[in-house]
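Written out below as structure tokens is the structure these notes cover.
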Amino acid sequence: MTVTDLPRVHTPLPAAPTQPLLPVVGADLEAPLAGGGVARYVNLDYAASAPALRAVADHVAEILPTYASVHRGAGYASQLSTQRYEDARATVAGFVGARPDDVVVFTRNTTDALNLLASCVPDGGEVVVLDLEHHANLLPWQRGPHRVVEVGPTLAQTLSRLQVELSRRPAALLAVTGASNVTGEQLPLGALAGLAHRNGARIAVDAAQLAPHRRIDIVAGELDYVAFSGHKLYAPFGAGALVGRRDWLDAAPPYLAGGGAVREVTTAATDWAPAPARHEGGSPNVIGAVALARACEVVAALPEGCVEVHESALRRRLLAGLERIDAVRTLRLWPDSGAAIGVVAFTVDGFAARQVSEYLAAEHGIGVRDGRFCAHPLLARLGADEGALRASFGLGSTAADVDRLLAALDRLVTEGTTRGYAVRADRPCD
4 MTVTDLPRVH TPLPAAPTQP LLPVVGADLE APLAGGGVAR YVNLDYAASA
54 PALRAVADHV AEILPTYASV HRGAGYASQL STQRYEDARA TVAGFVGARP
104 DDVVVFTRNT TDALNLLASC VPDGGEVVVL DLEHHANLLP WQRGPHRVVE
154 VGPTLAQTLS RLQVELSRRP AALLAVTGAS NVTGEQLPLG ALAGLAHRNG
204 ARIAVDAAQL APHRRIDIVA GELDYVAFSG HKLYAPFGAG ALVGRRDWLD
254 AAPPYLAGGG AVREVTTAAT DWAPAPARHE GGSPNVIGAV ALARACEVVA
304 ALPEGCVEVH ESALRRRLLA GLERIDAVRT LRLWPDSGAA IGVVAFTVDG
354 FAARQVSEYL AAEHGIGVRD GRFCAHPLLA RLGADEGALR ASFGLGSTAA
404 DVDRLLAALD RLVTEGTTRG YAVRADRPCD
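All residue numbers for the sequence shown refer to our numbering, where the first residue is 4 and numbers rise by one.
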């Protein structure tokens with residue numbers, strides 16, 4: 004778990020896709036440059052919020068004329084909206100290979116979904132997490148009994164540490180990420196599910212980063228709960244989902260008390276509805292749910308494995324190019340990890356991460372993320388306490404995007420910049 008420092012071998016860059024897999028909104032956006040003029044905006048910040056798929060945006064525009072209240076009216080538009088909302092629930096369930104009796108609860112995002120699940124863990128049940136997690140899969144568990152396991156120097160040792168911790172004392176839940184939002188490295192969910200179940204625990208997967216990039220199958224992977232967000236899955240309309248076993252969700256108190264979550268109310272008592280309605284109080288985000296479902300449909304319709312092929316080629320090209328720039332160091336969790344999604348984090352010697360990101364935006368029209376990526380413990384473990392940079396890509400990305408970034412970084416390192424850029428970002432979640 005360190006910053007890689009490998010010999011620089013200047014070999015030709017590997018081939019990578021020259022065309023996007025699917026059209027996205029904003030692909031022709033132009034960004035103003037500090038020196039004057041404009042350039043095609045290069046969006047390499049998919050891991051924060053992915054652009055909307057054109058098919059999703061078109062679908063939303065198509066259904067807006069019939070948008071109405073859900074579960075609350077007999078009018079034509081209300082009936083259509085209700086049907087679309089419940090159809091979206093079935094589509095989302097199918098997208099992650101849910102069991103027939105699993106529940107799909109629509110939430111605002113992954114953070115909301117994991118906070119909901121945290122409120123459903125049986126009283127006294129401990130939750131085990133790794134210290135590599137995004138804050139969304141770390142902070143909710145700190146409110147109750149929990150144990151944090153330090154990541155080992157290798158993936159194999161990390162799994163061994165989890166085995167020791169889960170067998171040492173009973174736990175109710177193992178909560179893990181499907182893919183690191185910092186390094187892109189995937190975790191072996193099948194092996195982790197086996198560890199959890201052999202030791203009497205359930206497993207919950209933060210799939211915010213994994214779902215847009217790889218197929219998820221709850222049944223095949225023997226997963227208990229999966230949480231993910233629309234805004235990372237090419238549907239930025241404010242919806243996410245928690246999918247998983249019903250019993251904890253039915254037994255827990257309502258996540259948001261209000262209309263729609265009840266069967267009967269008096270001034271003295273309330274008879275709460277079962278899940279999912281139990282946890283969807285208030286008027287639901289039908290547009291967000293339908294947009295998320297449409298994104299699931301479009302992504303699921305792509306040929307098996309093509310997303311992985313597309314992104315892996317781009318990732319190889321980016322890593323090879325970064326290796327050629329002496330001042331750049333990439334971040335990695337484990338030397339023995341294999342699969343990874345389209346996320347790469349790195350630092351540039353002599354420059355603060357915020358300086359580099361501002362330079363890339365102002366002088367080259369390139370958007371990347373800088374900071375600690377809402378994963379402060381992991382950045383500290385990787386020796387990047389002051390922050391790093393992250394380039395991330397997806398269905399709308401091409402080799403030209405990667406090459407623009409590489410050329411800009413090379414120019415920064417060789418020529419520097421005469422403009423003043425901030426050393427630190429002033430924002431609540433860096």
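Ideal Cβ positions, reconstructed from N, Cα and C, are used throughout, including at glycine.
What does the alpha-carbon distance come out to for the pair residue i and residue j?
{"i": "Pro256", "j": "Cys123", "result": "8 angstroms"}
{"i": "Pro338", "j": "Phe349", "result": "16 angstroms"}
{"i": "Arg75", "j": "Arg266", "result": "13 angstroms"}
{"i": "Gly147", "j": "Ala196", "result": "22 angstroms"}
{"i": "Ala91", "j": "Leu295", "result": "8 angstroms"}
{"i": "Leu9", "j": "Leu336", "result": "Because the pLDDT of Leu9 is 35, which lies under 50, any placement of that residue in the model is unreliable, and the question is left without a value."}
{"i": "Ala391", "j": "Leu141", "result": "20 angstroms"}
{"i": "Ala182", "j": "Leu16", "result": "25 angstroms"}
{"i": "Asp209", "j": "Thr421", "result": "42 angstroms"}
{"i": "Gly100", "j": "Ala242", "result": "19 angstroms"}
{"i": "Leu385", "j": "Val151", "result": "17 angstroms"}
{"i": "His216", "j": "Gly233", "result": "13 angstroms"}
{"i": "Arg1", "j": "Val301", "result": "For the chain, the structure presents residues 4 to 433; residue 1 sits outside this window and is missing."}
{"i": "Asp433", "j": "Asp388", "result": "11 angstroms"}
{"i": "Tyr44", "j": "Val416", "result": "21 angstroms"}
{"i": "Gly128", "j": "Gln189", "result": "27 angstroms"}
{"i": "Pro318", "j": "Val347", "result": "According to the sequence shown, residue 318 is Arg rather than Pro. If you take the alpha carbons of Arg318 and Val347, they lie about 8 angstroms apart."}
{"i": "Asp253", "j": "Leu117", "result": "16 angstroms"}
{"i": "Leu176", "j": "Val130", "result": "5 angstroms"}
{"i": "Val95", "j": "Asp227", "result": "15 angstroms"}
{"i": "Ala223", "j": "Leu213", "result": "16 angstroms"}
{"i": "Leu363", "j": "Leu165", "result": "40 angstroms"}
{"i": "Gln145", "j": "Glu136", "result": "13 angstroms"}
{"i": "Leu192", "j": "Leu334", "result": "22 angstroms"}
{"i": "Ala316", "j": "Ala30", "result": "20 angstroms"}
Just to confirm, is the Cβ distance from residue i to residue j under 8 angstroms?
{"i": "Ala394", "j": "Leu305", "result": "no"}
{"i": "Gly187", "j": "Gly423", "result": "no"}
{"i": "Leu398", "j": "Val293", "result": "no"}
{"i": "Ala264", "j": "Trp275", "result": "yes"}
{"i": "Ala402", "j": "Ala42", "result": "no"}
{"i": "Pro287", "j": "Phe109", "result": "yes"}
{"i": "Phe240", "j": "Glu314", "result": "no"}
{"i": "Gly247", "j": "Asp105", "result": "yes"}
{"i": "Asn184", "j": "Phe376", "result": "yes"}
{"i": "Val351", "j": "Ala378", "result": "no"}
{"i": "Leu47", "j": "Ile290", "result": "no"}
{"i": "Leu325", "j": "Leu245", "result": "no"}
{"i": "Arg102", "j": "Ile221", "result": "yes"}
{"i": "Glu366", "j": "Ala37", "result": "yes"}
{"i": "Ala238", "j": "Arg297", "result": "yes"}
{"i": "Ser84", "j": "Ala93", "result": "no"}
{"i": "Asp134", "j": "Val107", "result": "no"}
{"i": "Leu236", "j": "Ala53", "result": "yes"}
{"i": "Ala121", "j": "Pro143", "result": "yes"}
Give the secondary structure of residue i by DSSP, where H, G and I count as helix, E and B as strand, and everything else as coil.
{"i": "Phe98", "result": "helix"}
{"i": "Val73", "result": "coil"}
{"i": "Trp337", "result": "coil"}
{"i": "Asn118", "result": "helix"}
{"i": "Tyr237", "result": "coil"}
{"i": "Gly386", "result": "coil"}
{"i": "Leu409", "result": "helix"}
{"i": "Pro35", "result": "strand"}
{"i": "Tyr79", "result": "helix"}
{"i": "Ser183", "result": "coil"}
{"i": "Asp48", "result": "strand"}
{"i": "Gly247", "result": "strand"}
{"i": "Tyr228", "result": "strand"}
{"i": "His216", "result": "coil"}
{"i": "His62", "result": "helix"}
{"i": "Val28", "result": "coil"}
{"i": "Val107", "result": "strand"}
{"i": "Val438", "result": "Beyond the ends of the chain as shown, which are 4 and 433, falls residue 438; an answer cannot be given."}
{"i": "Pro10", "result": "Low per-residue confidence applies at Pro10: pLDDT is 40, beneath 50, and the placement is therefore not dependable enough to give any value."}
Are the C-beta atoms of residue i and some chain C residue less than 8 angstroms apart?
{"i": "Ala196", "result": "Absent from the structure is chain C; it holds one protein chain and no more."}
- prompt: Just checking, does the stretch 189-208 make contact with the stretch 75-91 on the three C-beta pairs under 8 angstroms criterion?
  reply: no
query: Taking one C-beta from the stretch 358-373 and one from the stretch 17-28 each time, how about it: are there three or more such pairs within less than 8 angstroms?
result: no
query: Three or more beta-carbon pairs under 8 angstroms between the stretch 154-163 and the stretch 403-410, yes or no?
result: no
- prompt: Considering only residues of the stretch 329-377, which uninterrupted beta strand (DSSP E) runs meet the minimum length of 3 residues and lie entirely inside it, listed in chain order?
  reply: 331-335, 346-351 and 372-374
- request: May I have a chain-ordered list of the beta strand (DSSP E) segments no shorter than 3 residues that lie completely inside the stretch 123-200?
  value: 130-133, 149-152 and 176-180
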